[in-house]
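Counting from 0, one number per residue, gives the positions in the sequence shown under numbering that gives the first Met the number 0. Quick reminder that beta carbons are idealized off the backbone N, C-alpha and C, glycines included. Below you'll find the structure, written out as structure tokens, and then a few comments.
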Amino acid sequence: MTSLPELPPEAFAKQDRTPDALFYAQPRFVTHIDDAAIEAVTQLYREVLPPGGRIVDLMSSWVSHLPQEVAYGAVIGHGLNTRELAANPRLTESFVQDLNSDPALPVETASIDAVLLCVGVQYLQDPVAVLREVARVLVPGAPVIITFSNRCFPTKAVAIWQAVGGDDQARLIELYLRHAAFTNIETHVVLPDGGAGDPLRSVIGRTS
């Protein structure tokens, strides 16, 4: 199922193999990282996202962590729960789709100025296929911003994600991005492990 020849298919297996749509059928109006980590994500978006740009927020929910003072031309939200997406005030449009079943994004080629993926990459079973679609929809040189912490739904996160720690998780994302034709990749420890709150790392990739 995976597009990564370096890793066996079981690396992307999940404990809970039922369809993800069933797991996310009931809305969860909660945040999945703490307030300090959320603010760090928002600050990262403030620094990287172009005001007025067209943004895709993959694996989104009822909040997108975008800076309140910045207006964007469009914010297209993706998720697995219609009610969560409908409650997100920053979205100008949204779509529900299981990326593990169908990674093809219903977005025009080279039409997007940034793609966000906040604390969701650990659930992708063919992340390279999804990121190839991300590369397709981005304008040349535009970023995909992947942020992650040490929290997840363990029965739905893929096996390899749970087998490694934060630094190796960042390297894993770098591997995904390279296989998806991203060439300019930056990794940052935004909030370190061992602090009072949730750690946070970011991996930003750009196409040439």
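_Using only CA atoms, which one of 178, 205, 206, 199 lies nearest to residue 43?_
199
*Burial state of residue 45, where buried means 16 or more other Cβ atoms lie within 10 Å*: exposed
*DSSP state of residue 200, grouped into three classes?*
strand
*How should residue 19 be labelled, buried or exposed, when 16 other C-beta atoms within 10 angstroms of its C-beta is the threshold for buried?*
buried
*Proximity of residue 117 and residue 40 at Cβ, strictly below 7 Å*: yes
*Grab the span of the beta strand (DSSP E) containing residue 187 for me, first residue to last.*
183 to 190
_Just verifying my parser: in three-state terms, what is the DSSP assignment at residue 77?_
strand
_Using a 10 Å radius around the Cβ and a threshold of 16 neighbouring Cβ atoms, would you call residue 14 buried or exposed?_
exposed
*Please report the Cβ distance between residue 136 and residue 107, rounded to the nearest whole angstrom; I am assuming they are in contact, meaning their Cβ atoms lie under 8 Å.*
7 Å
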